[in-house]
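Trainee: There's a structure below that I have some questions on.
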Amino acid sequence: MINLRGRDIISSLDFDRETLEHLFNEADKIREELRSRSILDYCHGKIMITVFLEPSTRTRLSFQFAMIKLGGIVVDFGLEQAASIAKGESFEDTIRMVDGYDPDIIVVRHKEPGSALRAAEIAVRPVINAGDGWNEHPTQALLDLYTIKRELGRIDNITIGIMGDLKYGRTPSSLSYALSKFENVKIIYIAPRELQIRREVLEKIDGLVEWKMVERVEEVIERLDVLYVTRLQKERFTDLSEYERLRGSYQISLNLLSKFKKIPIIMHPLPRVDELSTDVDSLPQAKYFTQAENGVYIRAALIKEVLGA
Amino acid sequence: MINLRGRDIISSLDFDRETLEHLFNEADKIREELRSRSILDYCHGKIMITVFLEPSTRTRLSFQFAMIKLGGIVVDFGLEQAASIAKGESFEDTIRMVDGYDPDIIVVRHKEPGSALRAAEIAVRPVINAGDGWNEHPTQALLDLYTIKRELGRIDNITIGIMGDLKYGRTPSSLSYALSKFENVKIIYIAPRELQIRREVLEKIDGLVEWKMVERVEEVIERLDVLYVTRLQKERFTDLSEYERLRGSYQISLNLLSKFKKIPIIMHPLPRVDELSTDVDSLPQAKYFTQAENGVYIRAALIKEVLGA
Amino acid sequence: MINLRGRDIISSLDFDRETLEHLFNEADKIREELRSRSILDYCHGKIMITVFLEPSTRTRLSFQFAMIKLGGIVVDFGLEQAASIAKGESFEDTIRMVDGYDPDIIVVRHKEPGSALRAAEIAVRPVINAGDGWNEHPTQALLDLYTIKRELGRIDNITIGIMGDLKYGRTPSSLSYALSKFENVKIIYIAPRELQIRREVLEKIDGLVEWKMVERVEEVIERLDVLYVTRLQKERFTDLSEYERLRGSYQISLNLLSKFKKIPIIMHPLPRVDELSTDVDSLPQAKYFTQAENGVYIRAALIKEVLGA
Chain H
1 MINLRGRDII SSLDFDRETL EHLFNEADKI REELRSRSIL DYCHGKIMIT VFLEPSTRTR
61 LSFQFAMIKL GGIVVDFGLE QAASIAKGES FEDTIRMVDG YDPDIIVVRH KEPGSALRAA
121 EIAVRPVINA GDGWNEHPTQ ALLDLYTIKR ELGRIDNITI GIMGDLKYGR TPSSLSYALS
181 KFENVKIIYI APRELQIRRE VLEKIDGLVE WKMVERVEEV IERLDVLYVT RLQKERFTDL
241 SEYERLRGSY QISLNLLSKF KKIPIIMHPL PRVDELSTDV DSLPQAKYFT QAENGVYIRA
301 ALIKEVLGA
Chain L
310 MINLRGRDII SSLDFDRETL EHLFNEADKI REELRSRSIL DYCHGKIMIT VFLEPSTRTR
370 LSFQFAMIKL GGIVVDFGLE QAASIAKGES FEDTIRMVDG YDPDIIVVRH KEPGSALRAA
430 EIAVRPVINA GDGWNEHPTQ ALLDLYTIKR ELGRIDNITI GIMGDLKYGR TPSSLSYALS
490 KFENVKIIYI APRELQIRRE VLEKIDGLVE WKMVERVEEV IERLDVLYVT RLQKERFTDL
550 SEYERLRGSY QISLNLLSKF KKIPIIMHPL PRVDELSTDV DSLPQAKYFT QAENGVYIRA
610 ALIKEVLGA
Chain R
619 MINLRGRDII SSLDFDRETL EHLFNEADKI REELRSRSIL DYCHGKIMIT VFLEPSTRTR
679 LSFQFAMIKL GGIVVDFGLE QAASIAKGES FEDTIRMVDG YDPDIIVVRH KEPGSALRAA
739 EIAVRPVINA GDGWNEHPTQ ALLDLYTIKR ELGRIDNITI GIMGDLKYGR TPSSLSYALS
799 KFENVKIIYI APRELQIRRE VLEKIDGLVE WKMVERVEEV IERLDVLYVT RLQKERFTDL
859 SEYERLRGSY QISLNLLSKF KKIPIIMHPL PRVDELSTDV DSLPQAKYFT QAENGVYIRA
919 ALIKEVLGA
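Protein chains in written order, with my numbering: chain H, 1 to 309; chain L, 310 to 618; chain R, 619 to 927.
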């Protein structure tokens, strides 16, 4: 098992299976302890700074709640404001300055792939990647796997369909890397050809995971243990008529689901727009709000380990 | 008396007289305890999230100070940011997600009337309405009544003039509902005909409160125990020349007040623009900044009761 | 020595030498105590509100970290939001309201020179000026002097070159005032004529400090103990070709520095853009990130004194 104390968390490839399972157990324990109390003492007097240089509400709040429930303190960098952008400070200078304030842990989101790694190289303090462009979002992968584990009782021997814009999404890549740490996992990437998973992702999981690509969810839906839906991003299409043509095939509705054998669980990183209709919410298999809840506990487990608390 | 523990606070109609008086007493006690300390222990380790989806500074800060002075912790949802709006998550999804972070109490402001009630229906955790469009703002009514009680020594047997844009204001409706819980209250609604109080408000207070409508403050000013000024909103007029004609009659200045018998107290929910000139500030009857101060204590009393702390 | 307890901190002229040296010692002590703990207890249960009505990230964060590391609580006013600006509340009303929330200390930044003094006149609670337009930024001067003291071992008998836009900068004025409290300090103001230091600044330090003005850094660079770089603001020039002509003379690079005798220390208030190239960062004399770090400790020392903690 990897000792996470003081480590930067940049990629979901950084974890091994034992460490992931340890985090799941820790998250369960924290959840249990929080049944009778609103906050715990593990990180009492410790300071986290959340530096989200790209607009974000949900991931930021999830990290904040995680830290606060551990008894810690959160300082938010805030939106990079109009005048500061005009002043034009570089990302490197920002990170160096933030590190100089001497927080115990730094959580970073930035639109450029590789930015979290650059931050980690600059900062003395541990850095957690909360999303670096289309590259990675390792704590999203943690909460995804933690949800699968809790809902299916296992991560080994599952078939998961990951659907939507796989090319520009950081969730599909981080999730794939994390899944590659388990046994006999099959990933079916469901996307229009122009938005299929990036080659670099496949190269990293090749030989560890059995994968295939399909264009239509209907082809594979009955084989899935998990259907993981993400948004099909209209702005990625060069040909809008192509988007309009494909759109319907990438919308999950109660009507569509009713035509097939029941999928054990349906997941989504949220926020969702129309790729997952609200009539699905009432199904017991709909686990996306549970995912969001799980995010607080697994992030708390991670922070606790990184701080050695 | 109503036990507020775990309850949603959506409308000022939800309170009865005994509960209101209990809250006033609790607010006085909290104020007294805060004379010698900056913060208390009542909500130690409890978490409030403030979800203001409409720009707001004053009400948000007042709730934050209330919670912090009780020893609690505040997480702010933050302004719904450019990209998230683009992502287009629904209000329902937002509330469900926030509720899943498991705060002890949720404070919500949203531009749509009825949104706070919808939030309360979705959330497991107690929801406090901090303003739902033109509909209600119950904690504003609490601080208004608390101020009247402290300044006049009673709420029964008063005549109050509520002036300005009564049609689209949430303050006049919530204040009217709360006043209807007391004895022998007379409300005089002072507004141009097109901005008079909504019929639904009158229906709810009819038989409980004696009310009348007038167009000019001069007609009634000498009869008032309380003059409650709100802003006449230019943007509500279809005919701008009408606005220009009426404007002067809805501006309270030292000059205007000097022509009449002294009004015991002058109130305003703030922020004010030019409907209440700054030369009034020096009068001992000007109680609007006192109102704002009272807001922290009465909100603290409410939070304490809802959390059963 | 001045007893700072309960005092407003508006200008760096308000300090005397003994008080400044006391603050430096206190900052060193706080830094020492923070080696083994993330937060201290001095301001436990005390509340600071940061009211930054002009966009700012770094100064606000530095104050927040300072307060949190003293064990205190921070409430941020937030960006004055679109709708609130539309509502048009005056600065005076804002300060009076914030003061009414009864924080223990108020930190204010506002674009108008003199605004911090106006805030201090209105508020019962102590006000710290975090920048009032081009006028002053006294806590920046504190961290600048604290850095010089730590790096050179003295503030007496130094020659400092202050370079950039001196006319519209608040850093050069506050720094000059603070330096005037020490013995035998020489200030060389390095700026194009149209952006030279304001006459009022010179009047206040005249007879206390030996000063001169030059246009080019090369003329004086070998005489300096400290080179203090600030940004040359393009938007201040009426004649852009003049800006383009001057620009190169106000950029400090490794190449420029290599032509001269080593300057003991190079400082900058940050954020920097291209007036100080990143190739300088690796020099041991580059102390601008150290300055930013020092800011947290010296602000903590100041807050501790003002709160009598």
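Note that CB positions come from ideal geometry on N, CA and C, so glycine has one too.
#1: Indicate the three-state DSSP secondary structure (helix, strand or coil) for Tyr168/H in the structure shown.
#2: Would you call Thr856/R buried or exposed, if buried means 16 or more other Cβ atoms sit within 10 Å of its Cβ?
#3: Does any C-beta atom of chain R lie closer than 8 angstroms to the C-beta of Asp41/H?
#4: In angstroms, rounded to a whole number, what distance separates the CA positions of Arg736/R and Ile667/R?
#5: My output table needs one value for Thr50/H: the three-state DSSP class, helix, strand or coil.
#6: Once you ignore the five residues that flank Phe24/H on each side, which residues in its own chain have a CB closer than 6 angstroms to its CB?
#7: Which bits of chain A does Ser629/R rub up against, with CB to CB less than 8 angstroms?
#8: Going by DSSP, what residues sit across from Tyr537/L in a beta bridge?
#9: For Asn775/R, which three-state DSSP category applies?
#10: Please return the same chain residues whose Cβ sits closer than 6 angstroms to the Cβ of His577/L, not counting the five positions on each side in sequence.
#11: Please identify the residue among Leu329/L, Pro501/L, Val494/L and Phe386/L whose C-alpha is closest to the C-alpha of Trp520/L.
#12: Taking Leu310/H as the reference, which of Ser249/H, Asn129/H, Pro271/H and Gly161/H has the closest Cα?
#13: Any beta carbon from chain H within less than 8 angstroms of Ile686/R's own beta carbon?
#14: Please determine, among Ile740/R, Arg623/R and Gln909/R, the residue with the shortest C-alpha to C-alpha distance to Gly718/R.
#15: Can you grab the Cα-Cα spacing for the pair Phe800/R / Gly114/H, in whole Å?
#16: In its own chain, which residues sit with a C-beta less than 6 angstroms from the C-beta of Ala759/R, not counting the 5 before and 5 after it?
#17: Please work out which residues of its chain come closer than 6 angstroms, Cβ to Cβ, to Val124/H, disregarding the five sequence neighbours upstream and downstream, and give them in chain order.
#18: Taking the Cβ atom as the reference point for each residue, do Val529/L and Val523/L lie within a distance shorter than 8 angstroms?
#19: Restricting to Cα atoms, I'd like to know which of Met781/R, Asp711/R, Gln851/R and Arg863/R is closest to Val835/R.
#20: Thinking just about the alpha-carbon of each residue, which of Tyr351/L, Tyr606/L and Ala500/L is nearest to the one in Arg545/L?
#21: The alpha helix (DSSP H) spanning Asn621/R covers which residue range?
#22: Assuming Glu121/H is part of the beta strand (DSSP E), what are its boundary residues?
#23: How would you list, in chain order, the residues of chain L whose beta-carbon sits under 9 angstroms from the beta-carbon of Ile665/R?
#24: Ser39/H: which of Thr480/L, Leu541/L and Asp413/L sits nearest, CA to CA?
#25: Have a look at the DSSP bridge pairing and note the partners of Leu585/L.
#26: Does chain H have any CB closer than 8 angstroms to the CB of Tyr410/L?
#27: Return the residue from the list His331/L, Phe374/L and Gly381/L that minimises the CA-CA distance to His353/L.
#28: Please state the DSSP three-state secondary structure of Lys495/L.
#29: When you compare the CB of Val582/L with every CB in chain R, is at least one pair closer than 8 angstroms?
#30: Please list the terminal residues of the continuous alpha helix (DSSP H) segment that includes Asn603/L.
#31: Taking Cβ to Cβ, would you say Ala300/H is nearer than 8 angstroms to Ile9/H?
#32: Output, in chain order, the set of chain R residues within a Cβ distance shorter than 7 angstroms of Arg367/L.
#33: Residues of chain L with a CB under 9 angstroms from the CB of Val107/H: which are they?
#34: From the DSSP output, in three-state form, read off Arg743/R for me.
#35: Any beta-carbon of chain R closer than 8 angstroms to the one on Ile73/H?
Mentor: Taking the coordinates as given:
#1: DSSP, read as helix, strand or coil, puts Tyr168/H in coil.
#2: Within 10 angstroms of the beta-carbon of Thr856/R lie fewer than 16 other beta-carbons, which makes it exposed.
#3: It does not: the Cβ of Asp41/H has no partner Cβ on chain R nearer than 8 angstroms.
#4: Each residue's alpha carbon lies about 17 angstroms from the other.
#5: Residue state, collapsed to three classes: strand.
#6: The answer, listed in chain order, is Tyr146 and Lys149.
#7: Included in the structure are the protein chains H, L and R, with no chain A among them.
#8: Tyr537/L pairs with Ile471/L and Met576/L.
#9: Coil.
#10: The answer, listed in chain order, is Val538, Leu585 and Tyr597.
#11: By alpha-carbon distance to Trp520/L, the top candidate from Leu329/L, Pro501/L, Val494/L and Phe386/L is Val494/L.
#12: There is no way to answer for residue 310/H, as the model of chain H reaches only from 1 to 309.
#13: Yes, because at least one Cβ of chain H sits closer than 8 angstroms to the Cβ of Ile686/R.
#14: Among Ile740/R, Arg623/R and Gln909/R, the Cα nearest to that of Gly718/R belongs to Ile740/R.
#15: Computed Cα separation, rounded: 48 angstroms.
#16: Only Ser630, Ser792, Leu793 and Ala796 meet the Cβ criterion.
#17: Around Val124/H, the same chain offers Asp99 as residues with beta carbons nearer than 6 angstroms, after the five sequence neighbours per side are excluded.
#18: Yes.
#19: Val835/R has its Cα closest to that of Met781/R, out of Met781/R, Asp711/R, Gln851/R and Arg863/R.
#20: Closest by C-alpha distance to Arg545/L, out of Tyr351/L, Tyr606/L and Ala500/L, is Ala500/L.
#21: First-last for Asn621/R: undefined, no H or E at that position.
#22: For Glu121/H, there is no enclosing beta strand (DSSP E); the enclosing alpha helix (DSSP H) has its first and last residue at Ser115 to Ile122.
#23: Residues of chain L passing the Cβ test: Ser347, Ile348, Phe374, Ile377 and Lys378.
#24: Per the sequence presented here, residue 39/H reads as Ile, with Ser not at that position. By alpha-carbon distance to Ile39/H, the top candidate from Thr480/L, Leu541/L and Asp413/L is Asp413/L.
#25: Residue pairing of Leu585/L in beta bridges, as defined by DSSP: Ile561/L.
#26: Answer yes: the Cβ-Cβ gap between Tyr410/L and chain H drops below 8 angstroms somewhere.
#27: Minimum Cα distance to His353/L is reached at Gly381/L.
#28: The answer is strand: DSSP assigns Lys495/L an E or B state.
#29: So, interface residue.
#30: Per DSSP, Asn603/L is one residue of the alpha helix (DSSP H) stretching across Tyr597 to Val615.
#31: Contact annotation: Ala300/H and Ile9/H have beta-carbon atoms that are not nearer than 8 angstroms.
#32: Per Cβ cutoff of 7 angstroms: Met715.
#33: Ordered by position in chain L, no residue passes the 9 angstroms Cβ test against Val107/H, which lies about 15 angstroms from the chain.
#34: Three-state result, Arg743/R: coil.
#35: With a threshold of 8 angstroms between beta carbons, Ile73/H makes contact with chain R.
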